[in-house]
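Using the numbering used here, you'd call the opening residue of the sequence shown number 6 and step up by one each time.
All residues carry an ideal CB built from backbone N, CA and C; glycine is no exception.
Please read all numbers here as calculations on a predicted model, not as lab measurements.
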Amino acid sequence: KITDYCDQNNLPTSERLKLFTQVCHAIQHAHQKGIIHRDIKPSNVLVMLHDGVPVPKVIDFGVAKAMHTRLTEKTLFTEFRQFIGTPEYMSP
Numbered sequence: 006k007i008t009d010y011c012d013q014n015n016l017p018t019s020e021r022l023k024l025f026t027q028v029c030h031a032i033q034h035a036h037q038k039g040i041i042h043r044d045i046k047p048s049n050v051l052v053m054l055h056d057g058v059p060v061p062k063v064i065d066f067g068v069a070k071a072m073h074t075r076l077t078e079k080t081l082f083t084e085f086r087q088f089i090g091t092p093e094y095m096s097p
């Protein structure tokens, strides 16, 4: 996960912020495509090295919601007051 990578490599705050900014861009890209992840947390962001450069990868879209799809008989609905995601990382 991203926090482990940062800690194991003793990344300074500036490098951590660069990774965080890339994560934000990935989430923004998903949102532009109409996909809401709904469970962003450190364990759902891995860091891979590409030519020695760390690149964050957002994973686990298992509870993601597609905003622009048609409803069908297979559409699953979230019940009122049902929690989806990890409470420790949910917005208030």
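| query | Helix, strand or coil: which one does DSSP assign to H55? | reply | H55: strand per DSSP, three-state reduction.
| Supposed close pair L22, P59 - CB separation, criterion 8 Å | That pair is no contact at about 13 Å.
| Where K23 sits in the DSSP three-state scheme | In the structure shown, the three-state DSSP call for K23 is helix.
| request: Have a look at the DSSP bridge pairing and note the partners of I41. | output: DSSP output for I41 lists K70 as bridge partner(s).
| Among residues of its own chain, excluding the 5 on either side of P47, which ones have a beta-carbon nearer than 7 Å to its beta-carbon? | Same-chain partners within the cutoff: K6, I7 and T8.
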